[in-house]
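This report refers to the structure that appears directly beneath it.
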Amino acid sequence: MWSKFSKLILSVSVIAIAVFAFISSVLTAVTLAAGAKPNSIEELAILKVDLSRFDAARGLLPASDSGANGGDLVDSIIKGGAKGIEGILGSLTGSSTKASSRLKRRATKSRSSKSGNTESRRDNSRDSSRNKLSASKSVVPQYISLHVQTLCNGDFGGNIGASSQVRIKSCTTPGRRLKDVSEVIGISNPLQGLTSRLLPTVVKESMQLSVDMINYSQLLLTVVFAIATVFSFLSLLFIAISFFFPRMKILIYTNFILAALAAGFVSGSFIGADIMVAYVAKSLNRVFKDFNIHAELGSTFLGVSIAASFFSIAVFIYWFVRVVLLFRKRILGKIPGASKMRGLIKKKKVTDAEPGTTNVHVEGEKPAGEASAPGGLGGFF
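Here the working numbering is used: the sequence shown runs in plain steps of one and ends on residue 500.
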């Protein structure tokens with residue numbers, strides 16, 4: 120019969136393991152649902168790409184031995200060409216300097232009255248061009264975030280950087296395949312057919328290959344995290360049932376199998392995603408370094424992956440120990456000397472349970488053990 124203390128310890132351990140399984144299940148489910156719509160757990164992104172300092176001109180400059188790119192060489196060529204054009208224009212306009220001065224002296228008052236309107240029109244055109252430029256800049260998002268099922272893009276809420284707070288503008292639809300690179304950055308492409316015909320084949324196919332890789336990666340992540348979520352909640356359900364039947368063997372075996380599957384899928388999906396995304400981020404930073412594009416593994420996702428993996432593995436270890444305790448007799452029977460030691464323990468328990476039999480003997484007779492072996496060791500063999 121169990122003692123009350125052992126029952127209490129078992130009940131408390133089952134409750135603690137149920138809490139661990141609940142935390143692991145919730146973290147996995149939240150990660151699966153993150154980014155399903157704008158402003159939906161946007162911080163829980165697997166990969167963050169910072170585009171706030173994107174510089175296409177710098178990235179397209181040719182490489183040179185003097186630096187990371189050919190900026191110095193191209194700048195010198197541009198400056199030299201500008202000076203040459205300025206000299207040619209100066210030689211052509213030098214002969215007409217006197218004529219232009221006469222025209223300036225013959226300028227009427229009507230021209231001075233029109234100058235105000237002209238300057239105002241120039242200011243308005245300059246302001247409108249600035250507004251158009253700022254509007255065009257706002258079209259390109261400051262960041263792109265990769266989630267399990269979706270891709271999101273938006274702007275930073277505070278300080279610019281991949282680790283700052285973000286505001287999601289738009290997200291792709293979960294389960295829908297991406298068709299074009301423009302969907303990755305959230306820009307509609309009305310001239311998709313024209314651009315596909317104008318771009319070289321190698322560029323077009325490379326862009327399509329990148330889109331296909333994103334689609335397959337998200338499909339794999341979705342399937343793995345969905346399976347991990349299902350097994351996590353199944354394990355939690357059977358742990359709750361085992362609280363009322365703590366010694367039922369079929370429940371112990373079932374919980375062990377479910378805990379093993381949940382731990383395998385949860386830790387495997389999180390750790391696998393961490394390794395894969397860390398490698399992708401490193402490759403993106405190396406390839407797009409000159410474009411001032413920075414990619415990194417989501418810090419929140421890394422913390423969630425560590426916590427979920429720890430709790431799921433802890434649940435598995437608990438049920439593994441419970442299964443080992445069920446088979447302790449068979450395991451000890453296969454260990455050399457363990458069966459003999461168990462027999463000695465049982466014999467001692469029986470002897471202690473019968474008072475007066477240990478040290479009582481008939482007068483004139485030797486105690487058991489002295490006749491068989493000297494030193495009283497015969498009773499142990």
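Ideal Cβ placement from N, Cα and C applies to all residues, glycine included.
Computed from a predicted model, the values in this text were never measured in an experiment.
| query | result |
| --- | --- |
| Where N272 sits in the DSSP three-state scheme | strand |
| 8 Å Cβ shell around F410 - same chain, five flanking residues per side excluded | F173, D174, A175, R177, G178 |
| CB of F141 within 8 Å of CB of L355, strictly | yes |
| Straight-line gap, I432 to I394 (C-alpha atoms, nearest Å) | 19 Å |
| Beta-carbon proximity of G417 to K167, cut-off 8 Å | yes |
| Cutoff 7 Å; reference T147; Cβ partners in own chain excluding five residues on either side | F344, A347, T348, S351, V385, A427 |
| 7 Å Cβ shell around V423 - same chain, five flanking residues per side excluded | L146, T150, L163 |
| Burial state of D331, where buried means 16 or more other Cβ atoms lie within 10 Å | exposed |
| Rounded separation between F446 and W438 - CA only | 13 Å |
| Local Cβ density within 10 Å of L370, reported as buried at 16 or more and exposed below that | buried |
| Cross-strand partners of V168 (DSSP beta bridge) | I263, A414 |
| C-beta contact flag for V303 and L270 at 8 Å | yes |
| Buried or exposed (CB count within 10 angstroms, at least 16 for buried), V342 | exposed |
| Reference F430, options S130, V138, V131, closest by Cα | V138 |
| Pair within 8 Å by beta-carbon distance, D274 and K288 | yes |
| Three-way DSSP call (helix, strand, coil) for S289 in this model | strand |
| Anticipated Cβ contact below 8 Å, A400 with A414, distance rounded | 4 Å |
| Separation of S159 from V267, as counted between CA atoms | 13 Å |
| Coarse secondary structure for I360, derived from DSSP in three states | helix |
| Within 8 Å, strictly: CB atoms of P293 and L170 | no |
| CB of A359 within 8 Å of CB of F435, strictly | no |
| Own chain residues within Cβ distance below 6 Å of S144, not counting five before or after | S351, F352, L355 |
| For R295, the nearest candidate out of N334, V442, S130, G387 (CA to CA) | N334 |
| Exposed unless 16 or more other CB atoms sit within 10 angstroms - verdict on A135 | exposed |
| Span of the alpha helix (DSSP H), counted from its first residue to its last, around D393 | 368-406 |
| Whole-angstrom distance between L403 and M326, CA atom to CA atom | 14 Å |
| Coil, strand or helix - I142 by DSSP | helix |
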